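Engineer: Provided herewith is a single structure, encoded as structure tokens, for subsequent inquiry.
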DNA sequence: CCATATTGTTCGGAAACCAAAAGAAGAAGA
DNA sequence: TCTTCTTCTTTTGGTTTCCGAACAATATGG
């Protein structure tokens, strides 16, 4: 009877595999690495976020996050703004170029899904949405959920430009 | 209208993110790299498969597939058997150790899902399964689907042992 | 037998990643 | 104020992963 759970997991793995291939394709199309894309998406989700939080969400070591952010900053896809409440950290956010880059490449999976989803009868659409949200709530751990640790609002732009000449 | 498709994709991305974090955790627990785990799973799915097919399914370059297989063979997780119908290629399959390794680590997502899924009322379980399979069919491309390109049955074991002394 | 294609490998370099140590800034207590 | 401890980020050094390109071996079709 927990047979059905197994079937679910199998279906899930098919979806996962397709999605994985997809991100790679999209990444290649944008000229970004997969990890860079993930980081950009994390930043977009939160609008503003610190390196440590990026590391936690992306599941990489802090050192790796530093390198990723530095790279993205060099490409001018993200901007950094020193926090004033805690001057050790800084807030990373997407530049316009970053947003553009993130959405420039067509996403085959997104498109395919949207197209075919539109053909499905209404009641079934609703069913699928409900099921997906149910599953998302089942599996998503609070640790990586969005929402916590928002930046203070009162910090004004004080750009991190000192290290502009980093090689 | 197509609002619902967007909500679906958002939910899907939550699931994806959770799953991604999960594979990393499991990989770390097994001492395998993520890519190695994926390859092992591909091999298990097909029982027997050639390097090129592995490369295509895993979405990596042939050179990478070679390296991955070589590594897994060194760990004695996979065995190779030269094809007789086409002596360029060979069939890769899982050893018992490989199967064990692949399933040794507890899978937090799998567990969590199974547990919570069991608590869901019957009709909703059925609904979720149907929805997941629907989605899987929507997104999965035939190219990476299992089933095609099976090995000929008549090839007997002629191990690739020549390179046993590879450093 | 000779092109051409396919399969897999080797090689060299680029990039990703991490652990550990270091640096810089906050927090807490005397 | 002056420790001392903690947190956040970076640097360093070294490992691993991955790919492109050139290559060898085999197949296939004239």
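Residue numbers (the working numbering), protein chains in the order written: chain A, -10 to 156; chain B, -10 to 156. Backbone N, C-alpha and C fix where the C-beta goes; we use that ideal spot for every residue, glycine too. Quick caveat: nothing in here was measured; it's all calculated off a predicted structure.
Residues in its own chain within less than 6 Å of residue 132/A by CB, not counting five upstream and five downstream?
Structural biologist: Note that residue 132/A has pLDDT 49, beneath the 50 cutoff, so the model's placement of it is unreliable and the number below is only indicative. Closer than 6 Å at the Cβ level, and outside the excluded window around residue 132/A, lies no residue.
Engineer: CB residue 29/A to CB residue 98/A, shorter than 8 Å?
Structural biologist: No.
Engineer: Are the C-beta atoms of residue 83/A and some chain B residue less than 8 Å apart?
Structural biologist: Closer than 8 Å: no.
Engineer: Going along chain B in order, which residues have a C-beta closer than 8 Å to the C-beta of residue 122/A?
Structural biologist: Here the neighbours are -4 and 0.
Engineer: Among 43/B, 39/B and 37/B, whose alpha-carbon lies nearest the alpha-carbon of residue 27/B?
Structural biologist: That would be 43/B, whose Cα lies nearest to the Cα of residue 27/B.
Engineer: Using only the alpha-carbon positions, how far apart do residue 111/A and residue 93/A sit?
Structural biologist: Computed Cα separation, rounded: 30 Å.
Engineer: Grouping DSSP H, G and I as helix and E and B as strand, with all else coil, what is residue 79/B?
Structural biologist: In this structure, residue 79/B counts as strand in the three-state DSSP scheme.
Engineer: Does residue 68/A come out as helix, strand or coil in the three-state DSSP assignment?
Structural biologist: Reduced to three states, the DSSP call for residue 68/A is strand.
Engineer: Is it true that the segment 63 to 72 of chain B meets the segment 81 to 88 of chain B, where meeting means three or more beta-carbon pairs spaced less than 8 Å apart?
Structural biologist: Taking 8 Å as the limit for Cβ pairs, the verdict is that the segment 81 to 88 of chain B does touch the segment 63 to 72 of chain B.
Engineer: From 62/B, 39/B and 96/B, pick the residue whose C-alpha is nearest to that of residue 75/B; which is it?
Structural biologist: Checking every option, the nearest Cα to that of residue 75/B belongs to 39/B.
Engineer: Between residue 134/A and the rest of its own chain, which residues show a CB-CB distance below 7 Å, the 5 nearest in sequence each way excluded?
Structural biologist: Low local confidence applies: a pLDDT of 39 at residue 134/A is under 50, so the model's placement there is unreliable, and no value is given.
Engineer: Applying the 10 Å Cβ sphere with the 16-neighbour rule, what's the burial state of residue -8/B?
Structural biologist: The residue in question, residue -8/B, is exposed, as its Cβ has fewer than 16 Cβ neighbours within 10 Å.
Engineer: Let me confirm a value: residue 87/A is counted as buried when at least 16 other C-beta atoms fall within 10 Å, else exposed. Which label applies?
Structural biologist: Looking at its Cβ environment, which holds 16 or more other Cβ atoms inside 10 Å, residue 87/A is buried.
Engineer: What in chain B is Cβ-close to residue 71/A, meaning under 9 Å?
Structural biologist: What residue 71/A touches in chain B: nothing, since even the nearest Cβ is about 29 Å away.
Engineer: If contact means a Cβ-Cβ distance below 7 Å, which residues of the segment 37 to 53 of chain A contact chain B?
Structural biologist: Residues passing the 7 Å Cβ filter: 48.
Engineer: Considering residue 122/A, what are the terminal residues of the alpha helix (DSSP H) in which it resides?
Structural biologist: Its alpha helix (DSSP H) spans residues 111 to 128.
Engineer: Check whether the Cβ atoms of residue 0/B and residue 121/A sit closer than 8 Å, and answer yes or no.
Structural biologist: Yes; because the gap between Cβ atoms is below 8 Å, this pair is in contact.
Engineer: Identify every residue that forms a DSSP beta bridge with residue 38/A.
Structural biologist: Bridge partners of residue 38/A: 81/A.
Engineer: To the nearest angstrom, how far is it from the Cα of residue 16/A to the Cα of residue 10/A?
Structural biologist: Going from the Cα of residue 16/A to the Cα of residue 10/A covers about 10 Å.
Engineer: Should residue 5/A be labelled buried (16 or more other beta-carbon atoms within 10 Å of its own) or exposed?
Structural biologist: Per the 10 Å Cβ criterion, buried.
Engineer: Between 96/B, 58/B, -6/B and 71/B, which lies nearest to residue 24/B when the distance is taken from Cα to Cα?
Structural biologist: Per the Cα distances, 58/B.
Engineer: Got a sec, what are the start and stop residues for the alpha helix (DSSP H) residue 105/A sits in?
Structural biologist: First-last of the alpha helix (DSSP H) with residue 105/A: 97 to 108.
Engineer: Give me the chain B residues within the contact set of residue 116/A, using Cβ-Cβ distance strictly less than 7 Å, ordered along the chain.
Structural biologist: Here the neighbours are 116 and 120.
Engineer: Chain B beta carbons: is any one of them nearer than 8 Å to that of residue 4/A?
Structural biologist: By this cut-off, residue 4/A is an interface position.
Engineer: Please list the terminal residues of the continuous alpha helix (DSSP H) segment that includes residue 4/A.
Structural biologist: Here the alpha helix (DSSP H) through residue 4/A covers -8 to 19.
Engineer: Within 8 Å of any Cβ in chain B, is that where the Cβ of residue 107/A sits?
Structural biologist: Yes, residue 107/A counts as interfacial toward chain B.
Engineer: Taking 8 Å as the CB-CB limit, is residue 98/A close to chain B?
Structural biologist: True, the Cβ-Cβ gap to chain B drops below 8 Å.
Engineer: Going by CA-CA distance only, name the one from 102/A, 72/A, 104/A and 126/A that's closest to residue 37/A.
Structural biologist: Ranking 102/A, 72/A, 104/A and 126/A by Cα distance to residue 37/A puts 72/A first.
Engineer: Closest to residue 20/B by CA distance: which of 103/B, 2/B, 106/B and 61/B is it?
Structural biologist: Nearest option by C-alpha distance: 61/B.
Engineer: At a CB-CB cut-off below 8 Å, which residues of chain A make contact with residue 88/B?
Structural biologist: Chain A residues near residue 88/B: none, gap ~17 Å exceeds 8 Å.
Engineer: Whose Cβ in chain A lies nearer than 9 Å to the Cβ of residue 15/B?
Structural biologist: The contacting residues do not exist; residue 15/B stays about 12 Å from chain A at best.
Engineer: Is it the case that the Cβ atoms of residue 3/B and residue 103/A are separated by a distance below 8 Å?
Structural biologist: In this structure, residue 103/A does not lie closer than 8 Å to residue 3/B by Cβ.
Engineer: Could you give the residue range of the alpha helix (DSSP H) that holds residue 59/B?
Structural biologist: Unbroken alpha helix (DSSP H) run through residue 59/B: 51 to 63.
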